[in-house]
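Okay, structure first, notes after.
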Amino acid sequence: MRALFFLSGNNTIFAKDEVFSLFESYELKYEIIYDEGQFLILECSKSNIDFIFRLGLTHFILDLICDLDIDERINKNISSIDWDSKLSLDRTYKVRVKTKDKMDYGNLELSIAKSISNFFKDKIKANLTNPMDEIIGITFKRRLFIGKKIFERDREGFNIRKPQLRPFFSPTSIDPRIARAMINISQAQKETLDPFVGTGGILIEAGLMGLDTYGLDIEEKSVVGTKVNLLNYEINKFDIRLGDARKILDIFGRTFESIVTDAPYGRSTKIDKDKEKMYNECFLSIKESFKRKCIIGLDKEYSFEDIGFKIDRVYSFRVHKSLVRHLYLLS
Ligand SMILES: C[S@@+](CC[C@H](N)C(=O)[O-])C[C@H]1O[C@@H](n2cnc3c(N)ncnc32)[C@H](O)[C@@H]1O
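First residue of the sequence shown: 14, per the numbering used here; consecutive thereafter.
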């Protein structure tokens, strides 16, 4: 199958790595066919990509049907598409066209709908409110990509998990889509530990993806608040402990497949006076407590190599005027 991943426009490199990390984590082969802007087209097997429900930074995925140049033959080319393998008479459909290059190409939606209708000799039923299948066309750089939607990010679901809508709230909490991508980039399949759990933003996403969730925080209110937040999103299985991230192994008595965390920035969180010493000791404790990959968010650059980590990649995002968040992928 040729799959078109339409990625988040704000964090496109991070979004792309989230996709690649999931394929690598499940040891699945893929070949990059097209990679430009928010568009990523991969040749991959359709049968084993169930993990796509985990994606946080992909808007939708299409099972690509065709990729046409938009020129004077466009309507003719649309009319000769073979819809047989993607649509059928016992199912309803809807067509939607998105324009990503601000050009006016006429009513492509109507051309596609006519092509489908003619192909099935007017016997297939459209349903604009609740279709079983959705055909999406997207224009980009005078090309029209057409495919059948196989995944769409649950926008409402992410919206209701925004930090300010959780029962226990802190303004430092990470956006749920970024939290999810962090977990996916860490290649966690079984479990995640967040040793600075805060309000549990990272663990909520891990729990919703079916991972076992472990957390640690030095403040009682964060431990209690995280549990309230997890239960609020119906995550009932968790292990959240009160304790110091400098002592992960002592507290849990074991290591974890992945560690995904956002370190305290010392702005609105209560942290040691000597922040550098605290970072150093916490990061050393993290280093001996994970098996595969670890991802740490910080508000500044940090020399993780100096304390024995290998830096696989750094992603930097401006969160607001005075905060740039650096996400370090470490092994
Ligand atoms: C930046 S917040 C974490 C944000 C979190 N990702 C969220 O979504 O809410 C940092 C948290 O680290 C905790 N913390 C600070 N120093 C700590 C330490 N030495 N060990 C464990 N937790 C600590 C603070 O109490 C605070 O709740």
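We treat Cβ as the ideally placed atom computed from N, Cα and C, and that holds for glycine.
Extent of the continuous alpha helix (DSSP H) to which Val241 belongs: Per DSSP, the continuous alpha helix (DSSP H) segment holding Val241 begins and ends at Glu233 to Asn245.
Between which two residues does the beta strand (DSSP E) harbouring Cys295 extend? Run containing Cys295: none in the beta strand (DSSP E); it sits in the alpha helix (DSSP H), Lys288 to Lys300.
Taking the continuous beta strand (DSSP E) assigned at Arg305, which residues delimit it? Under the DSSP assignment, Arg305 falls in the beta strand (DSSP E) whose first and last residues are Phe303 to Leu311.
What is the DSSP secondary structure of Arg104, counted as helix, strand or coil? coil
Comparing the CB of Val237 with every heavy atom of ligand 1, is any distance shorter than 7 Å? no
Heavy atom of ligand 1 less than 7 Å from the Cβ of Phe209, yes or no? yes
Buried or exposed: where does Gly50 fall if 16 or more other Cβ atoms within 10 Å of its Cβ makes it buried? exposed
Alpha carbon to alpha carbon, how far is Glu56 from Asn140? It is roughly 30 Å from the alpha-carbon of Glu56 to the alpha-carbon of Asn140.
What number of angstroms, rounded off, separates the C-alpha of Ala192 from the C-alpha of Ser92? 43 Å
Candidates Ile231, Leu100, Leu221 and Lys59: which alpha carbon is nearest Arg190's? By alpha-carbon distance to Arg190, the top candidate from Ile231, Leu100, Leu221 and Lys59 is Leu221.
For Asp287 and Ser165, the rounded distance between their alpha carbons: Note that residue 165 is Glu in the sequence shown, not Ser. Distance between the alpha carbons of Glu165 and Asp287: 45 Å.
For the candidate residues Phe322, Lys306 and Leu311, whose alpha-carbon lies nearest to that of Leu428? Because the chain is modelled from 14 through 344, residue 428 falls outside the range shown and cannot be assessed.
When you measure from the CB of Gly170 to every non-hydrogen atom of ligand 1, does any distance come out below 7 Å? no
Only counting the same chain, and skipping five residues up and downstream in sequence, which positions put a Cβ closer than 6 Å to that of Ile163? Ile74 and Asp76
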